[in-house]
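Enquirer: If you count the sequence shown from 1, you need to add 270 to reach the numbering used here.
Once you've had a glance at the structure underneath, I'll fire off some questions.
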Amino acid sequence: MTAPDLFALSEIKGPVLRPTDDAYAAEVTGFNLAPRHTPDIVVGATGTADIVTAMRWAAATRTPVTVQATGHGANFPINDGLLINTSRMTDVQVDPVTRTATIAAGAKWRDVLNASVPHGLATLNGSSTDVGAIGYTLGGGLPVLGRAYGYASDLVRSFQVVTPDGTLRYTDYDTEPDLFRALHGGKGNVGVVTEMTTDLLPLSRILGGGIYCTGADAEALLTAYADWTPTLPPEMCTSFNLLRLPPLPEIPEPLRGRFWSRVTVAWTGAPAEGQNLLAPIRAAAPVVFDTVADMSYTDVDQIYQDPQDPLPARESCTLLRDLTPEAVSTFLAEAGPAVPDYPLLLIEIRHMGAALSRPCATEDEICARDAGYFLEAVGVLAGPEAAEAVERATASLLTAMAPYSTGHTMPNLHGSPGDATDRARAWTPEAYAHLQRTKSTYDPANLLRYGHTVAPAA
Ligand SMILES: Cc1cc2nc3c(=O)[nH]c(=O)nc-3n(C[C@H](O)[C@H](O)[C@H](O)COP(=O)(O)OP(=O)(O)OC[C@H]3O[C@@H](n4cnc5c(N)ncnc54)[C@H](O)[C@@H]3O)c2cc1C
Numbered sequence: 271m272t273a274p275d276l277f278a279l280s281e282i283k284g285p286v287l288r289p290t291d292d293a294y295a296a297e298v299t300g301f302n303l304a305p306r307h308t309p310d311i312v313v314g315a316t317g318t319a320d321i322v323t324a325m326r327w328a329a330a331t332r333t334p335v336t337v338q339a340t341g342h343g344a345n346f347p348i349n350d351g352l353l354i355n356t357s358r359m360t361d362v363q364v365d366p367v368t369r370t371a372t373i374a375a376g377a378k379w380r381d382v383l384n385a386s387v388p389h390g391l392a393t394l395n396g397s398s399t400d401v402g403a404i405g406y407t408l409g410g411g412l413p414v415l416g417r418a419y420g421y422a423s424d425l426v427r428s429f430q431v432v433t434p435d436g437t438l439r440y441t442d443y444d445t446e447p448d449l450f451r452a453l454h455g456g457k458g459n460v461g462v463v464t465e466m467t468t469d470l471l472p473l474s475r476i477l478g479g480g481i482y483c484t485g486a487d488a489e490a491l492l493t494a495y496a497d498w499t500p501t502l503p504p505e506m507c508t509s510f511n512l513l514r515l516p517p518l519p520e521i522p523e524p525l526r527g528r529f530w531s532r533v534t535v536a537w538t539g540a541p542a543e544g545q546n547l548l549a550p551i552r553a554a555a556p557v558v559f560d561t562v563a564d565m566s567y568t569d570v571d572q573i574y575q576d577p578q579d580p581l582p583a584r585e586s587c588t589l590l591r592d593l594t595p596e597a598v599s600t601f602l603a604e605a606g607p608a609v610p611d612y613p614l615l616l617i618e619i620r621h622m623g624a625a626l627s628r629p630c631a632t633e634d635e636i637c638a639r640d641a642g643y644f645l646e647a648v649g650v651l652a653g654p655e656a657a658e659a660v661e662r663a664t665a666s667l668l669t670a671m672a673p674y675s676t677g678h679t680m681p682n683l684h685g686s687p688g689d690a691t692d693r694a695r696a697w698t699p700e701a702y703a704h705l706q707r708t709k710s711t712y713d714p715a716n717l718l719r720y721g722h723t724v725a726p727a728a
């Protein structure tokens, strides 16, 4: 890249940095520290105009583009091209009358909740509100309250997006519907979203928390969980977890350095009714502690207690048809308490169905509507040996669980994007073909080619 190439970027209000600049490393580094990003240039966008300028420049110079808000989804290294960092764009406007929020590109769910909950309105965020609202929603967004309300993307009314030709477009149900559909679960394939407007839910309190048993009781807890979940009403949103927590000071004392089996709970009905429904789980094994209580929705992070500080991690997932006794014993043979030195930090089996099975009012790219459960595995890559062990354990777990899988993943939690066949697992063949056709309309030169992307149709 030569100096004149960069002239057009001088209009940008935010920083425009090259690898030799002091602030470059901080600008490219996100929450997931596993990949080392080395784009040719990074733009710290301060608003829509900066993104339009950067995208026009990329179109003119045919430079590949990636976008990062928080780096929670950074599971591949960005080795060249232009990186647009949206983390300065955190504006959130809540309209309590229409019950909507208009959310800028870099806002985290925490920013949205801070603005909406005082009006008695909540969002369909996932297990950590430190995650970017737009990156999460573009991948469909599997929320804590998914069974009760569906996917985050089901609530989106409109997007403002800069397509790779540098054009700022508005899209909704009626305006450029293919573009709108591609942004419902199609991830960052067709443009850089500058803002989205989404419905909010009339909700400010839930019953939420975790029921913690020792890891040694995983079989009893998971067996009870598999029997219990098919009986539950949609308002009960739960997951089963195996947590092998390292003895690190940032992990709170009762949890630190121990192996846990846990059921997380989010219930949107009357608190007493929800507490009654939990009886079979509390009776399954000795409960070491139980945090399930009525809570403000602003405390939703207390349910999963996801890490808040950046770390090098590898995640992977698959969708399960159901949780049969064979699936339970296969899972425990792979990852249960009898397996010595098991390297995965967290394995989650999240209950799906109910509103997560309901079709969206518009066509979309989400392929998980037929899944009974969602299985996710996360390992921390603390050095090359740990990374190898995490890789081996993840591959072994997913292979063992393949007979119970729908064969699909989700773009948000798919993990490191492999070749085209691997990435295609996040969509149905029909959604994949639609994404490819839409990509050939809006990104024929395939400038948005890194991460969980598809190639334009030939
Ligand atoms: C601790 C933790 C908990 C999580 N919990 C859940 C969960 O419960 N449910 C769930 O569904 N997911 C969950 N996720 C996954 C998360 O939704 C994805 O990692 C998502 O991509 C994060 O978006 P981000 O913008 O924060 O990340 P980033 O790494 O900044 O972005 C990831 C990708 O999102 C796309 N993107 C981001 N911003 C834009 C934009 N403005 N325009 C176009 N594309 C954009 C790009 O493809 C980018 O590569 C979790 C992840 C972590 C680390």
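Idealized CB from N, CA, C, for every residue including glycine.
Computed from a predicted model, the values in this text were never measured in an experiment.
Looking only at C-alpha atoms, which of Gly416, Ala490 and Thr484 sits nearest to Glu505?
Expert: Considering only alpha carbons, the answer is Gly416.
Enquirer: Mapping DSSP to helix, strand and coil, what is Val401?
Expert: Three-state result, Val401: coil.
Enquirer: Are the Cβ atoms of Pro334 and Leu705 separated by less than 9 Å?
Expert: For Pro334 and Leu705, no; Cβs fall outside 9 Å.
Enquirer: How many Å lie between Thr691 and Leu502 at the Cα?
Expert: Those two C-alpha atoms are separated by around 36 Å.
Enquirer: So, are the CB atoms of Ile551 and Leu590 less than 9 Å apart?
Expert: Against a cut-off of 9 Å, the Cβ pair of Leu590 and Ile551 comes out as no contact.
Enquirer: With Asn546 as the anchor, note down where its beta strand (DSSP E) starts and where it stops.
Expert: Looking at the DSSP string, Asn546 is not in any beta strand (DSSP E); the run it does join, the alpha helix (DSSP H), is Pro541 to Leu547.
Enquirer: Who are the near neighbours of Tyr294 in its chain, counting only those whose CB is closer than 7 Å to its CB and skipping five residues on each side?
Expert: Result list for Tyr294: Leu287, Arg288 and Val312, in chain order.
Enquirer: Using 8 Å as the cut-off, classify the Cβ of Ile404 as near or not near the heavy atoms of ligand 1, replying yes or no.
Expert: Yes, Cβ of Ile404 sits closer than 8 Å to a heavy atom of ligand 1.
Enquirer: Whose CA, out of Thr370, Gly458 and Gly480, lies closest to the CA of Thr467?
Expert: The shortest Cα separation from Thr467 among Thr370, Gly458 and Gly480 belongs to Thr370.
Enquirer: What does Asp564 pair with, by DSSP beta-bridge criteria?
Expert: Its beta-bridge partners are Leu477.
Enquirer: Taking Leu391 as the reference, which of Tyr567, Tyr482 and Pro434 has the closest Cα?
Expert: Nearest C-alpha to Leu391: Tyr567.
Enquirer: When burial is assigned at 16 or more other CB atoms within 10 Å of the CB, is Thr292 buried or exposed?
Expert: The sequence given here places Asp at residue 292; Thr does not occur at that position. Looking at its Cβ environment, which holds fewer than 16 other Cβ atoms inside 10 Å, Asp292 is exposed.
Enquirer: Quick check on Tyr720: does DSSP put it in helix, strand or coil?
Expert: It is coil, neither helix nor strand.
Enquirer: Under 8 Å, with one C-beta from each stretch per pair, do the stretch 676–684 and the stretch 580–597 reach the 3-pair mark?
Expert: Output reads yes: the stretch 580–597 touches the stretch 676–684.
Enquirer: What is the C-beta distance between Thr484 and Phe529, in whole angstroms, given that I count them as a contact (C-beta under 8 Å)?
Expert: The Cβ separation is near 7 Å, so the contact holds.
Enquirer: Whose CA, out of Ala486, Ala672 and Ser397, lies closest to the CA of Ala597?
Expert: If we check each option's Cα against that of Ala597, Ala672 comes out closest.
Enquirer: Cα-Cα, which of Ala656, Phe510 and Gly480 is closest to Leu491?
Expert: It is Phe510.
Enquirer: In chain order, what residues of the same chain lie with their CB nearer than 8 Å to the CB of Thr308, ignoring the 5 residues before and after it?
Expert: For Thr308, where only same-chain residues beyond five positions count, the Cβ hits under 8 Å are Pro289, Val298, Pro347, Ile348, Asn349 and Asp350.
Enquirer: Please state if the CB of Ala659 and the CB of Ala304 are separated by a distance shorter than 9 Å.
Expert: No, Cβ-Cβ distance for Ala304 and Ala659 is not below 9 Å.
Enquirer: Hey, which unbroken runs of the beta strand (DSSP E) at 3 residues or more fall wholly within the stretch 465–514?
Expert: 475–484 and 506–514, all fully within the stretch 465–514.
Enquirer: In the DSSP output, which residue or residues are listed as bridge partners for Cys587?
Expert: Bridge partners of Cys587: Glu646.
Enquirer: Among Thr316, Asp469, Thr708 and Met565, which has the Cα closest to the Cα of Val535?
Expert: For the residues Thr316, Asp469, Thr708 and Met565, the minimum Cα distance to Val535 belongs to Met565.
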